Each structure stands twice: as C-alpha cells, then as structure tokens.
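Student:
Chains as they are written, first to last, in our numbering: chain A, 7 to 511; chain G, -17 to 322.
Dropping the structure here:
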C-alpha cells in the first residue's frame, strides 16, 4: 500500500475559526526521506495546516496519519514525542544561557538526587551537534551565535527529540547565501538519514534548489502537488496566485535625465570602502551582492543613519553634508528600510499617523497646531492613488498585510516629495501578487523623474527592475553593469562573489 | 490566517464597523468602572454626591492628576518618570523660599520684601522644567534607560530639597501663593488649575506635531528616527513637560498645604503612574490618551474619598487600590493584544 512510503498523510483537513474557514478540506502527504515544499501566498493556509499538524490547533475535521497510524487530540509536546518538530521562522532562544541549556531546556538530564547532570548534558549535546557537523562548544552562550548558528541549534534540538519529520518555516529569511548553502547541506544529510522535511519558503530559487516535491495551497484549498522537477516557475506562480503573473517586473521604459546624485569614495569604517557611483533622474539603480557585502550599510550611510567616515556625496553637483535622517530628508531623500517591522511601521498607530509622521511640518498651522483636515485629505489621496487596501485610514497598520504596510510606508515618503528614493529589499516578505504591484509603483516613480536606488537580494528582482546594477562584494564595489538582455545571473554572481573585479562602467 | 484575499485587510477593526457592545465596553470600560464606583459609594453613603464632596474629590485628585498628565506623555513615549514626587518637593521648597511673607520668622531671603505670586510660580516652573530637561537629556544623549535616569533624579532631587531646607519645612506664605489653595465662589482653584493643565496637555498631545512625535517615539523609536523625527529633542521636551507638571503640582500643593516640607509628596510618582496606567496608557509605548489619565486620576480619587466616607480601613484601601491597578492593566493588555 502507498501509505508505507508515507511518513505523513493528512486528509480532508478542515479548520474553522470563528467566522473564517481557514482550511477547506486540504490534504498533504510526505514520504520518508523527502524534502517537501509547501507553497502558497500569505493567507493560503500553510501556517494553519502546520499548526494543526504540530498540535497547536486541532483540526475541526479530517484525519492525520503519522507513520501509518491515526493520531488525534494531541498537543505540541505529544507531537514532539511522536517525532514531529517545527523550526519556527522567528527563533526564541534563551539568549544568555548556553547551547546545551537551550537544547535540553525543561528536560535536563538529572542524577538520582534530582540535580542536573551537567556532564551528561554536555556529552549528549556534543552528540547531537555532531549529527549536524556543528563544532561549537556546548557551553557557548546563545547570544554569541549568529542567526544561522541559532537555527542549527534549533535543528539539533529537533534531532534531540528524535524527530522524524521536521517542519522549517522560512528558515532562510535571515541567512546569508553561504549560510543557506550550509543549511541545505544539513538538510540533504538529514534526508539521507531518512528524515522528512516540510519546507516553507517564499523564495522560488530555494524551492527548486532543495525540494523533491511541492504541494500548493490557495485560499485554504489544496491546488495541486507534483515533483519539483516537473513544475516550472511560471506554472508554480500560476498555481499560487490563480492567474498568470506575466507582469512580475513591469519595468517601463523611462527617460533617463542628468546625474542627480554622485557618490564618491564613500567609506564607513570597516563595513565598506571607496564606494562610488552615480544615479540619474528617472533611473533605477540596483545594488546587488551577497548578504554582508555592505549594501544596506551604503544606503544607510547615504541616508545619515550612520555617519560616513570618508568620501563625498554630491546632489545636483553640489556637495551635501548628511549626518542624520533629518538632513537626508532636507535633501529630498527617502528610505524604505529593510526590516519593515523593526524600523518602518508604528504597529499600534493608524494608517493616518503612519503616513504623516515624516511630514508633520506641512500640516503645522500658523498657531502651531496641526491641520488634521489636510492630513486626512492627503492620506486618503495616497490610499486611493497607490491602492492601499483598507476599510479606512483609521485602521491600525498592524492589521494590514505586508504588501499594504509597505505601500503605507511608500506613501509616507512620497508625501515628503522626495527626489531620491532608497529602497532596501522593497518586496521582502511580500507575496507574489503584491510584489508585482510594488514593482509597478517603483517603475511609475522612476517615470516621474525620481532617482531610485534599490537594494535587493533577489537577482530576478534586480535584473527585472534596474537600469544599471552596482554589485558589491565584501564592502567594495566590484562592478557596475548596464542591465541589458545580455546580462546573466551568472555574470552578476561572479562580481558578487569577488571572482571578477574591474569593469567599472 | 483568513480566507480573504491576501491583499485585503486581515481583521476588520474599523471603528465604524466594530461598534459592537464588546468594543464599546473595551473602549469606555474605565468610564463604566468610574460610574460603577460612584453608584456603589453613593448607595452606601449618599453624602458622596454633594457638590462640596465632589469638589473635594477633584481637589484631592488634582495634585497627582496634574502629574499624571505629564506622566502620560512620558509613558506613551515608552518611558517612565520615577522622579516626579521628588521634583515636586524640590521645586516646591525653592518656590516656597521665594513665597514667604516678609513677616515670617525663618526667612530664606530676609533682604527682600513680599514678592508678587508670579515670581515663586515662575521659579517653580523653571526648576521643574530644568530637572525634567536633565532627565530627558540623560535619556536622550547617554542612552541610559528612563527607569535608571529618573531613579537617580528621584534621589538627587529629594536630597537637594533636604540640603536646601536643612530638612525643615518652609512656610508662612504670601496671600498671593495661598490663593492657589483657595476657592473662587464654590470652585476650588486647584480644580481650575487642573482643568487648564488638562486642556494644555490635550492640545499638546492631540493637535501638535510634538504630540504625534510622542506616539511615534513610543510606537517605534527607530522608525521615528528614520522618518526624520528629532528623537533626542523630543525626549528632552517630553521629560521637561513632565517636570513642568510636577512643578504645577508643587504650586497647588504649596497653596493648599500652606507650607512645603522637603519630604513632601513621597510616593506620589507611583500614584501618578497608577492613574496613567488605569487610564489605559500602555507601558509598551505608543498608546495613551489624556482623557484616560483624567479618568484614571478620578477613579483613584473617588476610590480613596469614597472608601474613607464609607469607613473602610485605610490599610484595606491600599489593597483595593493595588487590585484595581492590576486589573486595569490586565484588561488593557487584552484590549491591546495583537489579534492573531
């Protein structure tokens, strides 16, 4: 029977929350020793399905078979005992405790007197760490580890539970390319040892790099399943969004004017050195490179978040001195930061407040009070102009989807009437449909003659949107290339990995 | 996870749409608590509702009520100010030394004649704002937590008040200063001062860019910085305003009591924090209203006055008060909990 090859079979899973049917009878089968991708836009039901599987929410109806037997009414602890472990997107280590204490938290090995046996804990930790080739001392404090290393510890923890099925929810969102490679190596090793992995990611290239099969959901329904090698990207996107996204990168041809900003030999400590480039009016300048190449630092320096330690910034041919974001604003600059939640939105405030915060001066009346009428009118105008989907501008921004939050931030900066826009990973964590909309917006802004500098880790995005591309490697610009039809991802990767230098256009 | 399309709002939290009983109860719950307290106390002791007593309640609430206004700005910006009681004492004794009648026995400045009330008032306000600015400056420019900076000021300002006075109370004020404890007709001056301060703070928080910046700093300080908000300057303003409120409270205190002791107002900072908290201002930052601070102060005032009228033991009053604070915060956290 088919079931013998399957470690997990979920059938007709329905999950209703008050007023919402989150899962409408979906299925999932995972084989022993396979890496299985769950795909779908935000809200498709992937997370809910996983929460049903690990015992956070019991499904309203449907059956779950694990290793051939029906399992019901279990909590997360019991799921762990069965061998189902999940590595959450946001890790929550006890930072000032050691690796071993984190792994065995709540189930520390004890001696007969009930005292924790540190020696045994140490040895047991060595053992599980060896399984994933991780050579850190078990007594190292978590706070001294990188995010990637903490993730390894999470995997080790899952292994310490003798997990047979490991769920990874967007594990690579905070990792560098090199770290992603290491993670993939470990995943392949786990697979060889017969473990099964459910892999959730929005990054299509990763799905193709590592997974064996894909199951796609949309709006709480099962859409389809197949071997990864048999589904091509456009087919996959179509399954996810339910329509063709032929216009993923709707780059319009716009007139490129004179040089708006020149960056000359910009330095910031050891982070980057001698970075020089120009950006013209109406131009979209992409900045590509691996994580850690110094891309974010460059635009943060240009925007005055960190003070430059050398070099010049010229706007319209005149040197400007930018020490704080306020100075940047005065020079008609705007910045969409990389981490929307940490440095962009004010979660508990309304859309209105989020939009007007960078431009309060505009609404100040002669008597020193704010004109709410004008602020409301402007906000409403932007909400409709860039189609932010919300019932009202008094909605708290945290209730919006990622794509709409990002549009609110775009509105915030457009209100300041910027001439140079810095966009740091403008579509991170945003699903496919909304991405195309943000891209359209960026293209429209360039069309209005604004200069755009865009950092992105997604090569298709950089190549789909930019007029020219600056490529960085370890704090240096290794190439500036025209983005024409001859440019290939491989060529960019050569510069990004430092294999080629020079060729500075 | 909802079945709605990903681009649509995940949760309908529009005030227009969610006018359900539950939402109203959450939004105005604290008013209901106040009404409930008033009704229960009145049923047991009808004297509570007499105009004289009601003005009493408001007069008694005014001192920590005024401090709660400044505290609301501070807590909304995700800070705390533990030094308001000490700042009241220090600005109070300095003010008092300029407010003495020339006939008084122990004069601080024997050479000078009776000063008009405006002099000690301005002195108090200046001292309060200066201390507050030091708090704000420390927090903004050294980056130490507000808790620590104001804990330091809590001790320093108290010590300074003790040194200045040698530990003795300052009394024998001019008529002009005693006016702040008197009445115009039936209306007590402290209540009038309170109302004026409420209005000023309400306008400041709701209708100026400073107010919007307070919410932004409390909501996400990094995002505020990147949006071009001058975070440091605003922090100095926030704590200066809190110091100013403490000084206004000191003026009312001096007028009512007729003397200022360097050990005055011990523990008032906690009452002010309690009133602010009961009023729904979130210690997680970004959420706070002036009307909430007023209701919070009145809840405490009604509770204290009512329990005394009913004859509840003073020791038990403290326990009831503590419970109310905790319940208010539990309630508030549920209201503001992220809906997932």
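Just so you know, even glycine gets a beta-carbon here, dropped at the ideal spot from N, CA and C. The structure displayed is predicted, hence computed values, not measured ones.
1) My assumption, with CB atoms under 8 Å, is that residue 244/G sits in contact with residue 143/G. Please give the rounded CB distance.
2) Return the chain-ordered ranges of every alpha helix (DSSP H) run that is complete within the stretch 295 to 341 of chain A and spans a minimum of 4 residues.
3) Does the stretch 198 to 209 of chain G touch the stretch 66 to 74 of chain G, meaning 3 or more C-beta pairs lie closer than 8 Å?
4) State yes or no: is the C-beta of residue 62/G within less than 8 Å of the C-beta of residue 132/G?
5) Please report whether the beta-carbon of residue 279/A lies at a distance below 8 Å from any beta-carbon of chain G.
6) Consult DSSP for residue 69/A and reduce its assignment to one of helix, strand or coil.
7) Rounded to whole angstroms, what's the CA-CA distance from residue 221/G to residue 115/G? Just pull it up for me.
8) Look at the alpha carbon of residue 250/G and the alpha carbon of residue 257/G, and state the distance between them as a whole number of angstroms.
9) Pull the bridge partners of residue 91/A from the DSSP assignment, please.
10) I want to see whether chain A comes within less than 8 Å of residue 207/G, judged by CB atoms only; does it?
11) Put residue 223/A into one of helix, strand or coil per three-state DSSP.
12) Assuming residue 74/A contacts residue 18/A under a Cβ cut-off of 8 Å, what Cβ separation, rounded to an integer in Å, is found between them?
13) Can you pull the chain A neighbours of residue 269/G, defined as C-beta to C-beta under 8 Å?
14) Would you kindly report the start and end of the unbroken alpha helix (DSSP H) that includes residue 191/A?
15) Kindly give me the distance between the Cβ atoms of residue 105/A and residue 159/A, rounded to whole angstroms, as I take these residues to be in contact under 8 Å.
16) Under 9 Å between beta-carbons, which chain A residues line up against residue 165/G? List them in chain order, please.
17) Apart from the five residues just before and just after residue 51/A, which ones in its own chain have a Cβ nearer than 7 Å to its Cβ?
18) Taking only runs that begin and end inside the stretch 43 to 113 of chain G, name each unbroken alpha helix (DSSP H) of 4 or more residues, in chain order.
19) For residue 199/A, tell me which candidate among 339/A, 151/A, 142/A and 39/A has the shortest Cα-Cα distance.
20) Three or more beta-carbon pairs under 8 Å between the stretch 434 to 441 of chain A and the stretch 264 to 271 of chain A, yes or no?
21) Of all the CB atoms in chain A, is at least one closer than 8 Å to the CB of residue 191/G?
22) Just the C-alpha distance for residue 16/A and residue 35/A, rounded to the nearest angstrom, thanks.
23) Answer yes if the stretch 492 to 503 of chain A comes into contact with the stretch 462 to 473 of chain A, meaning at least three C-beta pairs across the two stretches below 8 Å, and no otherwise.
24) Quick check on residue 119/A: does DSSP put it in helix, strand or coil?
25) Please work out which residues of its chain come closer than 8 Å, Cβ to Cβ, to residue 145/A, disregarding the five sequence neighbours upstream and downstream, and give them in chain order.
26) My assumption, with CB atoms under 8 Å, is that residue 196/A sits in contact with residue 204/A. Please give the rounded CB distance.
27) Three-state secondary structure (DSSP) at residue 104/A?
28) To the nearest angstrom, how far is it from the Cα of residue 453/A to the Cα of residue 425/A?
29) Looking at chain A, is there any beta carbon in it that lies within less than 8 Å of the beta carbon of residue 211/G?
30) Does residue 376/A get closer than 8 Å to chain G when you measure Cβ to Cβ?
31) State yes or no: is the beta carbon of residue 39/G nearer than 8 Å to at least one beta carbon in chain A?
32) Suppose contacts are defined by Cβ-Cβ distances below 8 Å. Is residue 488/A in contact with residue 247/A by that definition?
33) With a threshold of 8 Å between beta-carbons, can residue 20/A be considered close to chain G, or not?
34) Give the residues of chain A in contact with residue 185/G, contact being defined as C-beta atoms less than 9 Å apart.
35) With a CB to CB cut of under 6 Å and the five nearest residues on each side skipped, what residues in its chain are close to residue 300/A?
36) Kindly indicate if chain A contains any beta-carbon less than 8 Å away from that of residue 215/G.
Tutor: Checking against the coordinates, here is how it stands:
1) 4 Å
2) With a minimum length of 4 residues, the continuous alpha helix (DSSP H) runs that stay inside the stretch 295 to 341 of chain A are 301 to 308 and 331 to 336.
3) no
4) yes
5) no
6) strand
7) 6 Å
8) 11 Å
9) 172/A
10) yes
11) Collapsing the DSSP output to three states places residue 223/A in a strand.
12) Wrong, their Cβ atoms sit about 18 Å apart, outside the cutoff.
13) 354
14) 183 to 198
15) The C-beta separation of residue 105/A from residue 159/A comes to about 6 Å, placing the pair in contact by the 8 Å criterion.
16) Those do not exist, as residue 165/G stays about 32 Å from chain A at its closest Cβ, beyond 9 Å.
17) 28, 29, 32, 223 and 226
18) 66 to 80
19) 39/A
20) no
21) yes
22) 6 Å
23) yes
24) The answer is coil: DSSP assigns residue 119/A none of H, G, I, E or B.
25) 104, 105, 106 and 128
26) Not a contact, Cβ separation roughly 12 Å.
27) In the structure shown, residue 104/A sits in a strand (DSSP, three-state: E or B).
28) 12 Å
29) yes
30) yes
31) For residue 39/G, no Cβ of chain A is located within less than 8 Å of the residue's own Cβ.
32) no
33) no
34) 375
35) Here the set comprises 277, 278, 478 and 481.
36) Not closer than 8 Å to any Cβ of chain A, the Cβ of residue 215/G fails to qualify, so no.
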